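J.: Everything in the sequence shown is counted per the numbering used here, starting at 1293 for the first residue and increasing by one.
Shown below is the structure under consideration.
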Amino acid sequence: MAESAKPTPQLELFNSMTKKKELFEPLVEGKVRMYVCGVTPYDFSHIGHARAYVAFDVLYRYLKFLGYEVEYVRNFTDIDDKIIKRANEAGETVTSLSSRFINEFLLDMAQLQCLPPTCEPRVTDHIEHIIELITKIMENGKAYAMEGDVYFSVDTFPEYLSLSGRKLDHNLAGSRVAVDTRKRNPADFALWKAAKEGEPFWDSPWGRGRPGWHIECSAMSAHYLGHVFDIHGGGKDLIFPHHENELAQSRAAYPESEVKCWMHNGFVNKDDQKMSKSDKNFFTIRDIIDLYHPMALRFFLMRTHYRGDVNHSDKALEIASDRVYYIYQTLYDCEEVLSQYRGENISVLVPVEEQDMVNKHHSEFLESMADDLRTTDKLQQKLEQQKKKQQQQKQQKQKQQQAQKQPEEYIQAMFALETEIKNKISILGLMPPSSLAEALKQLKDKALKRAGLTEELLQEQIEQRTAARKNKQFDVSDQIRKQLGSKGIALMDEPTGTVWRPCEPEGLSSLAN
């Protein structure tokens, strides 16, 4: 008798506030409220953004899989110094530029199969709530106005820097603003900025102006999720100053404000330096998916635990692409083998050995996910086992007459393994939106593009190699194979002829993550 699957383990998440993993228990049973800081839409998004939103998409999907009703809010900072500067340079309005890049961002997220959040508010739609929150902070004596600007007074908030653990002596004024000598404390930060010539503005009790960077998320998270909610996430670069200042603002206005679990993802590095637009050492999502399948990029980002830093390299992307191709090819082969049996009422049970394998994989997957979302290559071993099962099945089929069907227990085992793998890949957001056949074709097309080849040119080289082999010119045929291998094209000789598949290019020097 097969062993039954273990019960789903309880989820533990690392809380950046307490610096340890904690049992996740939502404030309201069966419901999760989650806020993740979104992009400032002034340009195409880079893979550092992809890192964050894929990480929280995995969390979102897993919470839904566990049966939670999730309210997921991710904002757009659609008014900011960078947007204003870029719009002026482009000769367009702030609204036009930010809306354009919001739409481009959403297209990128769809390509990466990040599920749409419940709500995606824009700062400019919440100016009223921001003004109300600033007013409350001032009424509580935690902020001061000066010449149309409003600053938060860190000296009035003893808990300041409790999230980041920094010391006030080592504090910086903030990465987005110049130091203002008018401030009572250099660490005080802007809640409201007085209007400047040529900038968008809104009327307020302190005069015309616009919000500071941090206040927006305090206002919008409170508006959509309340003053106490379950999860607040973003990149680890947001711990200070953004999330630290958010925390201070929210509690200064409403002392009961609380986030139960602060979560932060690691960076994507290039040559061991954080990718960022300001440092001009970044690749956009579009740059990557022009050459690699979007699911290869998603897999590449997920191979490293979400809190760790990912080091970008061509080698690492090639490995990820190869793994995704392997997964899809294995599942496609499985579909082909099982296609003639779908719809049949097979009465036998799944054999004990295979059912134990399915149950074990299911339990191990849930244990990994419950341990702070440990997404790794755990599917690989099971896929290899499934591939071996297919090969055994094909060998048995060759021994049987053409009209004979394979033993029912093999078919049931294959169905069970296929269902298990597809289910887990779906939870991770890695099942292709199209058919597996279409996804495999897309992966091959991307490989040809990286190799600088077309299908026609590749076939010419395959024919040249075939002719060389017939003429016993094995040095020529080997050279053709090696040259294609160095470009990420693997040739395989089969009874029906030579076929090809993408592979990791031989001799690629970049270090994998």
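From the three backbone atoms N, C-alpha and C, an ideal C-beta is built for every residue, glycine too.
Given the structure is predicted, the values throughout are model-derived calculations rather than measurements.
Which of the three DSSP states, helix, strand or coil, is assigned to LEU1517?
T.: LEU1517 falls in the helix class under three-state DSSP.
J.: Considering only the alpha carbon of each residue, which of TRP1792, TYR1702, LYS1459 and HIS1341 lies closest to GLN1647?
T.: Checking every option, the nearest Cα to that of GLN1647 belongs to TYR1702.
J.: Compute the distance between the beta-carbons of GLY1440 and ARG1392, then report whether it is under 9 Å.
T.: The answer is no: Cβ separation not under 9 Å.
J.: Could you pull the start and end residues of the alpha helix (DSSP H) that VAL1346 belongs to?
T.: Its alpha helix (DSSP H) spans residues 1339-1357.
J.: Taking only the alpha-carbon atoms, compute the straight-line gap between ALA1479 and LEU1530 and give it to the nearest angstrom.
T.: Near 16 Å, if we compare the C-alpha coordinates of LEU1530 and ALA1479.
J.: Exposed or buried, which one is ALA1382 when buried takes at least 16 other CB atoms within 10 Å?
T.: Per the 10 Å Cβ criterion, exposed.
J.: Mind checking who LYS1566 pairs with in its DSSP beta bridge?
T.: According to DSSP, LYS1566 bridges with ASN1561.
J.: Name the one or two DSSP bridge partners that GLY1789 has.
T.: Per DSSP, GLU1786.
J.: Helix, strand or coil for ASN1537, going by three-state DSSP, please let me know.
T.: Looking at ASN1537 - three-state DSSP - the assignment turns out to be helix.
J.: Is DSSP giving GLY1525 helix, strand or coil here?
T.: Strand.
J.: Quick one: give me the first and last residue of the beta strand (DSSP E) that LYS1312 is part of.
T.: It spans 1312-1315 - the beta strand (DSSP E) in which LYS1312 sits, taken as one unbroken run.
J.: Using 9 Å as the threshold, is the C-beta distance between ALA1347 and LEU1593 below it?
T.: It is a contact, given that the beta carbons lie within the stated cut-off.
J.: Should TYR1327 and HIS1556 be called a contact, given that it needs their Cβ atoms to be closer than 9 Å?
T.: No. Outside cutoff.
J.: From ILE1426, GLU1659, ARG1773 and ALA1344, pick the residue whose C-alpha is nearest to that of HIS1506; which is it?
T.: The residue with the shortest Cα to Cα distance from HIS1506 is ILE1426.
J.: Name the two residues that bound the continuous beta strand (DSSP E) containing GLU1304.
T.: Segment 1304-1307, the beta strand (DSSP E) holding GLU1304.
J.: Please give me, in chain order, every unbroken run of the beta strand (DSSP E) with length at least 3 that falls completely inside the stretch 1418-1493.
T.: Counting only runs of 3 or more, we get 1435-1438, 1441-1444 and 1481-1486.
J.: Please state whether DSSP places ASN1380 in a helix, a strand or coil.
T.: Note: ASN1380 maps to helix in three-state DSSP.
J.: Following the continuous alpha helix (DSSP H) through GLU1636, name the residue where it begins and the one where it ends.
T.: Segment: none, GLU1636 is in no alpha helix (DSSP H) and carries neither H nor E.
J.: Pull up the distance between the alpha-carbon of SER1496 and that of TRP1484, whole angstroms please.
T.: For SER1496 and TRP1484, the distance between alpha carbons rounds to 9 Å.
J.: Does ALA1545 have its Cβ less than 9 Å from a Cβ in chain C?
T.: Protein chain content of the structure displayed is limited to a single chain, and chain C is not contained in it.
J.: Ends of the alpha helix (DSSP H) at VAL1806?
T.: No answer is possible for residue 1806: it lies beyond the span of the chain, which begins at 1293 and ends at 1805.
J.: So for THR1576, helix, strand or coil by DSSP?
T.: Strand, per DSSP.
J.: For the beta strand (DSSP E) holding LYS1323, just list the boundary residues, first then last.
T.: 1323-1328 is the extent of the beta strand (DSSP E) around LYS1323.
J.: Hey, quick one: how far does the alpha helix (DSSP H) through PRO1586 stretch, first residue to last?
T.: Segment 1586-1594, the alpha helix (DSSP H) holding PRO1586.
J.: I'd like the list of long-range same chain contacts for ARG1325, defined as Cβ closer than 6 Å, with 5 residues on each side in sequence excluded.
T.: Once the five neighbours on either side are set aside, the close Cβ partners of ARG1325 are GLU1363, LEU1517, PHE1521 and ASP1522.
J.: What does the alpha-carbon distance come out to for the pair GLN1734 and HIS1585?
T.: About 7 Å.
J.: Tell me, to the nearest whole angstrom, how far the beta carbon of ARG1599 is from that of PHE1532; I am working on the premise that it is less than 8 Å.
T.: Incorrect: roughly 16 Å between the Cβ atoms, too far for contact.
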